[in-house]
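Following: one structure in structure tokens, then a few remarks.
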Amino acid sequence: MTDIASTISAEPGPHLAAARPEALAAPVSGIVEVFNYGRGRQGLIPMWAGEGELPTPPFIADAAARALAAGETFYTWQRGLPELRDAIARYMGRVYGGTFDPERFFVTVGGMHALQTAVRIAAGPGDEVLVHSPSWPNFIGALTVGGAVPVEVPMVLDPSRGGGGWFLDLDRFEAAVTPRTRAIVVNSPANPTGWTATLAELAAILALARRNGLWIIADEIYGRFVYGSEARAPSFHDVMTPEDRILFVQTFSKNWAMTGWRIGWLECDPSLGQTVENLMQYSCSGVPAFLQRGAIAALDEGEAFVAGQIAGARASRAAACDGLSRSPRVRFARPDGAFYLFFSVEDETDTRRLALRLVDEANVGLAPGTAFGAGAERYLRLCFARNAADVAEAARRLVRVLGS
Numbered sequence: 064m065t066d067i068a069s070t071i072s073a074e075p076g077p078h079l080a081a082a083r084p085e086a087l088a089a090p091v092s093g094i095v096e097v098f099n100y101g102r103g104r105q106g107l108i109p110m111w112a113g114e115g116e117l118p119t120p121p122f123i124a125d126a127a128a129r130a131l132a133a134g135e136t137f138y139t140w141q142r143g144l145p146e147l148r149d150a151i152a153r154y155m156g157r158v159y160g161g162t163f164d165p166e167r168f169f170v171t172v173g174g175m176h177a178l179q180t181a182v183r184i185a186a187g188p189g190d191e192v193l194v195h196s197p198s199w200p201n202f203i204g205a206l207t208v209g210g211a212v213p214v215e216v217p218m219v220l221d222p223s224r225g226g227g228g229w230f231l232d233l234d235r236f237e238a239a240v241t242p243r244t245r246a247i248v249v250n251s252p253a254n255p256t257g258w259t260a261t262l263a264e265l266a267a268i269l270a271l272a273r274r275n276g277l278w279i280i281a282d283e284i285y286g287r288f289v290y291g292s293e294a295r296a297p298s299f300h301d302v303m304t305p306e307d308r309i310l311f312v313q314t315f316s317k318n319w320a321m322t323g324w325r326i327g328w329l330e331c332d333p334s335l336g337q338t339v340e341n342l343m344q345y346s347c348s349g350v351p352a353f354l355q356r357g358a359i360a361a362l363d364e365g366e367a368f369v370a371g372q373i374a375g376a377r378a379s380r381a382a383a384c385d386g387l388s389r390s391p392r393v394r395f396a397r398p399d400g401a402f403y404l405f406f407s408v409e410d411e412t413d414t415r416r417l418a419l420r421l422v423d424e425a426n427v428g429l430a431p432g433t434a435f436g437a438g439a440e441r442y443l444r445l446c447f448a449r450n451a452a453d454v455a456e457a458a459r460r461l462v463r464v465l466g467s
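The sequence shown begins at 64 in the numbering used here and counts up by one.
Dropping the structure here:
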């Protein structure tokens, strides 16, 4: 019998040569590389991925288990269970004010599926899409595999400015628009920088999109994780009109500790309903109904859990900033939102190598800035969505290794 594994070679073969260029262009994840390098190490504090250590709370898991036991295992609504779409509309009304039409919401296989669906609506092969950078690498990946051309627009870091230090240079955005530009991706609060757009900045971005006839793909999944006096971050919902072409990407992963469930939603104008349903049909044919039952419980019963998550992140943010500030080699701007600390280390230019070294020497897992696009190469990302004691211990380990 032929051992197929023994025939696999690192050299390009006929299968690779015949694959579509969009598929071959899918970028390797720099986060996953470090994750795999440190996976399973005894005592390692993992802060490389955008999740905490808490499992999904029982009231959510139990609702899904009851639905599974009741036999909700058949094909379901392509757009999502009507009960879940109603629950999303109620939740959005509570958080953002006003009344939301359930027909605006479409249940997806996580936020990544919502993002890919939004990209298919807004841009295609050869179309340019502006992305502020540093950014979550999946924005670039989703655009690339869809055949679109991501155009990274560098953010500016000025710690003396306040408001977290990072900000968008809107003149750079305006200058980056060409006749081929079709959309802008805006992530606020932002992964990895923690930049949180002001209402004025969102209004300016929206005005730019209107002037140039562009779509906006808005990732506001960290909107509840803000550290000022506000209950949530400013949103395009606060400045938009029904005529604006905005596609909102959302997920259950962060607020309700459901990263492994792979369930989220896309929000858009109801006129796109049949188009979105068709895209659902040809990508996933609907999200499992029993998972959606858990998501309903998350929205209707989970406010106390979300409040606890935010309070925990606030304490852990303080632990991360206070701990790393003890090393004079470390530089960062305190994040206004999300749950990441994006920091540089004096005289360290190869953060991929540094992240691997910190796994070995500090037993702490961080994401290298090389994963986050232009302008991020000298940085490391630390996810502080963990208990404050773990974050403080990780900071102590890092300071010990990085020294002064």
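Every residue gets a Cβ at the ideal spot worked out from N, C-alpha and C, and that includes glycine. Owing to the predicted nature of the structure, the values given are computational and were not obtained by experimental measurement.
Cβ pair residue i, residue j closer than 7 Å
| i | j | result |
| --- | --- | --- |
| GLN313 | TRP328 | yes |
| GLY101 | VAL454 | no |
| VAL240 | ASN275 | yes |
| GLY174 | ALA448 | no |
| PHE299 | ILE309 | yes |
| ARG377 | TYR290 | yes |
| GLU366 | PHE122 | no |
| THR322 | GLY93 | no |
| ALA352 | THR139 | yes |
| VAL462 | SER390 | yes |
| GLY286 | ALA296 | yes |
| LEU79 | THR180 | no |
| HIS195 | LEU233 | no |
| GLN105 | GLY349 | no |
| VAL399 | THR259 | Strictly speaking, residue 399 in this sequence is Asp, with Val absent from that position. In this structure, THR259 lies closer than 7 Å to ASP399 by Cβ. |
| ARG245 | ASP190 | yes |
| VAL216 | ARG235 | yes |
| ALA418 | VAL95 | no |
Own chain, CB closer than 6 Å to residue i, minus 5 neighbours either side, in chain order
| i | result |
| --- | --- |
| ARG444 | PRO255, TYR403, PHE405 and ALA430 |
| ARG392 | VAL408, GLU409 and LEU465 |
| PRO109 | GLY428 |
| LEU362 | ALA150 and TYR154 |
| SER316 | THR322 |
| PHE311 | ALA281 and GLU330 |
| LEU131 | PHE353 |
Reduced DSSP secondary structure (H/G/I, E/B, other) of residue i
| i | result |
| --- | --- |
| PHE435 | helix |
| GLY386 | helix |
| GLN179 | helix |
| SER69 | Note that SER69 scores a pLDDT of 44, beneath 50, so its modelled location is shaky; the value from the coordinates is reported in the next line. DSSP places SER69 in helix when its eight states are reduced to three. |
| ALA448 | coil |
| ALA430 | strand |
| MET64 | Bear in mind that the predicted position of MET64 carries a pLDDT of just 40, short of 50, making it too unreliable to give a figure here. |
| ALA246 | strand |
| ILE151 | helix |
| ILE280 | strand |
| TRP229 | strand |
| PRO109 | strand |
| GLU306 | coil |
Euclidean distance between Cα positions of residue i and residue j
| i | j | result |
| --- | --- | --- |
| VAL248 | VAL192 | 7 Å |
| LEU277 | LEU144 | 31 Å |
| THR338 | ALA112 | 33 Å |
| PRO200 | GLY436 | 7 Å |
| PHE169 | GLU330 | 6 Å |
| PRO252 | GLU166 | 26 Å |
| PRO84 | ALA185 | 21 Å |
| ASP385 | GLY336 | 47 Å |
| LEU147 | GLY209 | 29 Å |
| VAL214 | LEU269 | 18 Å |
| PRO76 | ASN99 | One point to set straight first is that residue 76 is Gly, not Pro, in the sequence displayed. Straight-line Cα distance between these residues: approximately 26 Å. |
| MET64 | VAL91 | Its pLDDT being 40, under 50, MET64 is placed unreliably in this model, and the value from its coordinates should be taken loosely. Approximately 33 Å between the Cα atoms of the pair. |
| ILE280 | THR136 | 32 Å |
| ASN318 | ALA382 | 20 Å |
| ALA452 | ALA81 | 51 Å |
| ASP332 | ALA152 | 13 Å |
| GLY103 | THR162 | 47 Å |
| THR261 | ALA425 | 37 Å |
| THR304 | ARG183 | 22 Å |
Top-ranked residue by Cα proximity to residue i, from the options
| i | options | result |
| --- | --- | --- |
| GLY257 | ALA401, ARG420 and ALA296 | ALA401 |
| ASP413 | ARG397, PHE435, VAL427 and GLU440 | GLU440 |
| ALA340 | ALA133, PHE236 and THR171 | Reading off the sequence, residue 340 comes out as Glu, not Ala. Taking only the C-alpha atoms, the option nearest GLU340 is THR171. |
| LEU354 | LEU342, TRP324, PRO305 and VAL212 | TRP324 |
| ALA320 | ALA281, ASP232, VAL369 and ALA89 | VAL369 |
| SER292 | ILE373, TYR442 and GLY103 | ILE373 |
| GLY375 | LEU271, LEU117 and ALA86 | LEU117 |
| SER379 | PHE288, ILE326 and HIS176 | PHE288 |
| LEU178 | SER334, ILE203, TYR159 and ALA81 | ILE203 |
Own chain, CB closer than 7 Å to residue i, minus 5 neighbours either side, in chain order
| i | result |
| --- | --- |
| ARG157 | none |
| ARG459 | GLY386 |
| ALA478 | Residue coverage of the chain in this structure runs from 64 to 467, which leaves residue 478 outside it and unanswerable. |
| GLU264 | LEU231 |
| ALA457 | ILE108, MET110 and VAL427 |
Cβ neighbours of residue i in the same chain (closer than 8 Å, five flanking residues each side left out)
| i | result |
| --- | --- |
| ALA126 | ARG356, GLY357, ILE359 and ALA360 |
| ALA88 | THR207 and VAL208 |
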